[in-house]
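A.B. asks: First residue of the sequence shown? That's 728 in the working numbering, and the numbers climb one at a time after it.
My questions will all concern the structure given below.
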Amino acid sequence: MDATARESDPASMKNRTTVKRKSERELVVTRTIHGPARIVFDAFTKPELLKRWWAPKSTGLSLLSCEADVRVGGRYRFVFVDAASKPLGEFFGRYIEVTPHLRLVWTNEEGGDGGAVSPPVAAPEEKKGSHVDLGRARSSPDRTQGGVMKYLAFVRHPESIRLSPPPPGFMEVMGQFVQRCRKDGSLVDTGGLLPSKDGARIRVSSGNLTVTDGPFSESKEIIGGWAILQGASKADVMRVATEFMELHRKHWPGFEGESEVRPMFDPGMGP
Numbered sequence: 728m729d730a731t732a733r734e735s736d737p738a739s740m741k742n743r744t745t746v747k748r749k750s751e752r753e754l755v756v757t758r759t760i761h762g763p764a765r766i767v768f769d770a771f772t773k774p775e776l777l778k779r780w781w782a783p784k785s786t787g788l789s790l791l792s793c794e795a796d797v798r799v800g801g802r803y804r805f806v807f808v809d810a811a812s813k814p815l816g817e818f819f820g821r822y823i824e825v826t827p828h829l830r831l832v833w834t835n836e837e838g839g840d841g842g843a844v845s846p847p848v849a850a851p852e853e854k855k856g857s858h859v860d861l862g863r864a865r866s867s868p869d870r871t872q873g874g875v876m877k878y879l880a881f882v883r884h885p886e887s888i889r890l891s892p893p894p895p896g897f898m899e900v901m902g903q904f905v906q907r908c909r910k911d912g913s914l915v916d917t918g919g920l921l922p923s924k925d926g927a928r929i930r931v932s933s934g935n936l937t938v939t940d941g942p943f944s945e946s947k948e949i950i951g952g953w954a955i956l957q958g959a960s961k962a963d964v965m966r967v968a969t970e971f972m973e974l975h976r977k978h979w980p981g982f983e984g985e986s987e988v989r990p991m992f993d994p995g996m997g998p
């Protein structure tokens, strides 16, 4: 893991690991590795490399199996054995930030009783040339500091937009966009809606419930489609949502509409 300094050199080992308690719930451990970020990132993401260094040799432990689906929303699972090849336990979790050769953030979960989520871990983030800092923080996940959060995005546009099919060029680039976002984990699911004439509205007002069949000619705009997005921050999600609308601007002449992006409620978030 050390590409520029020899292990036998005392100076190269100095101050490589620091521990700092920021609060009762947050502990930061920083490990500085002298080496290219690309090599460190590969060592944390490729199973054949993880098996070579992850378990401390002094403990006699080794990795029996190592599964890593390194993408946002992907899962990993490590199974440890002792010197007699007896299984000792497993660790698993999910990746919540993946920027190749720059930043990797994941959750740690321990086997038994369904697993208890423990702190996100970030590595590597390159600073000051060849130094790579590895950080670990927080005793529980915090959506405002690295946890994955889901957002619902829906598109509003005049119903007249649906009177003719989208341009073939738009459908092609949109298909590529959806495929890429599904692969990197930023898109959970998406779909379009049929015209309002095929729908209905159910309304409660003044203690009364009414059902009205479509179409809804009085509406200036209708919801034409939706997507569930996820990311480690609102900024990450907004980049995806903005790119989505930019494809409409570039490849669908005459399109007019807007996308609204809202965080989805999750139990434990409060009222």
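Quick reminder that beta carbons are idealized off the backbone N, C-alpha and C, glycines included.
Run the CB neighbour count on L921, radius 10 Å, all protein chains shown included, and call it buried at 16 or more, exposed below.
C.D. replies: Counting from one through the sequence shown, the residue named residue 921 turns up at place 194. L921 is exposed by the Cβ-count criterion.
A.B. asks: Under the rule that 16 or more other beta-carbon atoms within 10 Å means buried, what is S944, buried or exposed?
C.D. replies: Residue mapping note: residue 944 aligns to position 217 of the sequence shown, counting from 1. Flag for S944 reads exposed.
A.B. asks: Would you kindly work out how many angstroms separate the C-alpha atoms of I955 and V875, rounded to a whole number?
C.D. replies: In the sequence shown, the residue the question calls residue 955 occupies position 228. In the sequence shown, the residue the question calls residue 875 occupies position 148. About 13 Å.
A.B. asks: I believe A880 touches A962 by the beta-carbon criterion, under 8 Å. Please report the beta-carbon distance rounded to the nearest angstrom.
C.D. replies: Position 153 of the sequence shown, counted from the first residue, corresponds to residue 880. Position 235 of the sequence shown, counted from the first residue, corresponds to residue 962. Their Cβ separation, rounded to whole angstroms, is 14 Å, which puts A880 and A962 out of contact at 8 Å.
A.B. asks: Excluding sequence positions up to five away, which residues of its chain have a Cβ less than 6 Å from the Cβ of V964?
C.D. replies: As a working note, residue 964 is residue 237 in the sequence shown. Counting only Cβ-Cβ distances below 6 Å, and skipping sequence neighbours, we find Y878, L956 and G958.
A.B. asks: So I929 and R883 are in contact, right, with Cβ under 8 Å, and what is the actual spacing, rounded?
C.D. replies: Mapped onto the sequence shown, residue 929 falls at position 202. Mapped onto the sequence shown, residue 883 falls at position 156. I929 to R883, Cβ: 20 Å. No contact.
A.B. asks: Grab me the residues of L777's own chain with a C-beta within less than 8 Å of its C-beta, minus the 5 sequence neighbours each way, in chain order.
C.D. replies: For the purposes of this step, residue 777 is taken as the residue at position 50 of the sequence shown. Around L777: A770, F771, L790, C793, A795 and F805.
A.B. asks: Do L788 and L815 have their C-beta atoms closer together than 8 Å?
C.D. replies: As a first step, residue 788 is located in the sequence shown; it is residue number 61 there, counting from the start. As a first step, residue 815 is located in the sequence shown; it is residue number 88 there, counting from the start. Going by C-beta atoms, L788 is nearer than 8 Å to L815.
A.B. asks: Assuming H978 and V900 form a contact by the criterion Cβ under 8 Å, report the distance between their Cβ atoms to the nearest whole angstrom.
C.D. replies: As a working mapping, residue 978 is identified with position 251 in the sequence shown. As a working mapping, residue 900 is identified with position 173 in the sequence shown. With 8 Å as the limit, H978 and V900 qualify as a contact, their Cβ atoms being about 5 Å apart.
A.B. asks: On the three-state DSSP scale, how would you describe R889?
C.D. replies: Within the sequence shown, the letter at position 162 stands for residue 889. DSSP places R889 in helix when its eight states are reduced to three.
A.B. asks: Return the CA-CA distance between P894 and R907, expressed in angstroms with no decimal places.
C.D. replies: Counting from 1 along the sequence shown, the entry for residue 894 is found at position 167. Counting from 1 along the sequence shown, the entry for residue 907 is found at position 180. The straight-line gap from Cα to Cα measures roughly 20 Å.
A.B. asks: Cα-Cα, which of T757, L831 and K924 is closest to S946?
C.D. replies: Position 219 of the sequence shown, counted from the start, is the residue given in the question as residue 946. Per the Cα distances, K924.
A.B. asks: Only counting runs of 4 or more residues, tell me where the alpha helix (DSSP H) segments fall wholly within the segment 756-805, in order along the chain.
C.D. replies: Segments of the alpha helix (DSSP H) lying fully in the segment 756-805: 764-772 and 774-780.
A.B. asks: For A927, which residues from the same chain have a beta carbon less than 8 Å from its beta carbon, with the 5 sequence-adjacent residues on both sides left out?
C.D. replies: Here residue 927 is taken as the residue at index 200 of the sequence shown, counted from 1. The residues are V938, T939, D940 and G941.
A.B. asks: For G952, collect the residues of the same chain with a Cβ closer than 8 Å to its Cβ; drop the 5 residues on either side in sequence, then sort them by chain order.
C.D. replies: Within the sequence shown, residue 952 is the residue found at index 225, counting from 1. F881, V882, T917, G918, G919 and L920, listed in sequence order.
A.B. asks: With DSSP run on the structure shown, which of helix, strand or coil describes R925?
C.D. replies: The residue you call residue 925 lines up with position 198 of the sequence shown. The question names Arg, but residue 925 in the sequence shown is Asp. Of the three classes helix, strand and coil, the one that applies to D925 here is helix, per DSSP.
A.B. asks: Taking the DSSP output, what are the residues bridged to A962?
C.D. replies: Here residue 962 is taken as the residue at index 235 of the sequence shown, counted from 1. Partner(s): none; A962 has no beta bridge.
A.B. asks: Indicate the three-state DSSP secondary structure (helix, strand or coil) for P990 in the structure shown.
C.D. replies: Mapped onto the sequence shown, residue 990 falls at position 263. Residue state, collapsed to three classes: strand.
A.B. asks: What are the boundary residues of the alpha helix (DSSP H) that includes R743?
C.D. replies: Reading the sequence shown from its first residue, position 16 is the one you call residue 743. Where R743 is concerned, there is no enclosing alpha helix (DSSP H), given that its DSSP letter is neither H nor E.
A.B. asks: Does the beta-carbon of R821 have 16 or more other beta-carbons within 10 angstroms, so that it is buried, or is it exposed?
C.D. replies: Working through the sequence shown from its first residue, we reach residue 821 at position 94. It counts as buried.
A.B. asks: CB-CB under 7 Å to D911, same chain, minus the five flanking residues each way: which ones, in chain order?
C.D. replies: Working through the sequence shown from its first residue, we reach residue 911 at position 184. R798 and V799.
A.B. asks: What three-state label does DSSP hand G934 in the structure shown?
C.D. replies: As a position in the sequence shown, residue 934 is number 207, starting the count at 1. Reduced to three states, the DSSP call for G934 is coil.
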